[in-house]
Amino acid sequence: MRKLISRLFGGKLAINPATVMPQSPAASAAPLQEANHFDIGLKDAGFDGWYRVESGELYEGFAIGVDDVVVDVGCGEGGCALFCANRGAHVIVADIDAAKVAASVQRLADTPARKVEGVVSDANPLLLGDGIASRIISMEVMEHVDDPAQFLRELVRIGKPGAQYLLTVPDPVAEQLQVGLAPEVYFQKPNHVRIIQRDEFAKLVTDAGLVIERQGSYGFYWSLWWLFFWVCKVDLSNPQHPLLNSWTRTWEALLDSPQGNQVRKSMNDLMPKCQVIVARKP
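Numbering-wise, the working numbering puts 241 at position 241 of the sequence shown, and it's gapless, one number per residue.
What follows is the structure, given as structure tokens:
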């Protein structure tokens, strides 16, 4: 499940497994009909423009090609970097966690990537030269850093003129609903130290000197999934519980229904898990 969160949302949440309570006897009495939360989450993300293999777009409007130099800042376990590596790009993975950098580099070793590099850095500063990258990715990192404006200045510094940026942060509506349900560590360093409002996110990006090309949101499925997860009190490494599994199967049935995409879009507008901005350096 940790790989799932990394692949879709950046994988930055640090939860001590010892604090997770075992499933209650009542919930575990009947045999579970297991659900693959990752597969449904990936299917859902595809409707919102993610992982478009045929067009080479990691996200709609953010295409990766063999000539690109991609820097994934806050790479987690390298899910986005893997997509870029499979497009043949030169990929640089960066993270504050040395073990994650090493694991990501290893994960990309057998891909068609022109080159793979790893950098251990807290991004203040990034240990990379000026103007080296044509594509910069930072998924769910800004809510972790002490100074988002400074962080964005570093991202802008390493981009070439014309470089594209794919940036995501948690949506404030979904984040506010976690308050009181998520453990206290969720809103403490090194996890989420701020909730970034929608207009604030856009202003941070434009104040850094970038031009916004596309704004979007996605992940209502995950907004509710996380609320249910905190209530179920199961281990994140194996989140099988009747409530979680029922929700995943319900969402799958919706996606497969004739008007499912219409409902999905409405729910994403109401309470997405994440905000997305694609921007360009002039």
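Even glycine gets a Cβ: it sits at the ideal position worked out from N, Cα and C.
- Residue ranges of uninterrupted beta strand (DSSP E) with 3 or more members, entirely inside the region 102-131 and ordered along the chain, are 115-120.
- Per DSSP, the beta bridge partners of R52 are E57.
- Under DSSP, the beta-bridge partners assigned to R214 are V278.
- Under DSSP, Q164 shares a beta bridge with R135, R280.
- Relative to F187, the option among E200, V70, G219, P170 whose CA is nearest is P170.
- By the criterion of a C-beta distance shorter than 6 Å, E117 is surrounded in its chain by I92, once the five residues flanking it on both sides are discounted.
- Listed as beta-bridge partners of P170 by DSSP are C274.
- Counting the other Cβ atoms within 10 Å of the Cβ of D95 gives 16 or more, which makes it buried.
- Nearest to V141 by C-alpha distance, out of G76, K160, D68, is G76.
- Boundaries around I92 are those of the beta strand (DSSP E), 90-95, since no alpha helix (DSSP H) includes it.
- Across the structure, L254 and P161 are spaced so that their CA atoms are roughly 43 Å apart.
- Contact between G129 and G159 does not hold, since the beta-carbon distance rounds to 11 Å and is not under 8 Å.
- With a contact defined as Cβ atoms closer than 8 Å, P172 and I137 miss out at about 22 Å.
- Within the same chain, G78, A81, L82, A85, V91, V116 come within 7 Å of L108 by CB-CB distance, once the 5 residues on both sides are set aside.
- Judged by their CB atoms, W251 and F228 are not nearer to each other than the 9 Å cut-off.
- Nearest Cα to V278 within the set R153, D39, Q164: Q164.
- If the five residues before and after A98 are omitted, its C-beta is found closer than 8 Å to the C-beta atoms of V120, all from its own chain and listed in chain order.
- Taken through DSSP and simplified to helix, strand or coil, A45 comes out as helix.
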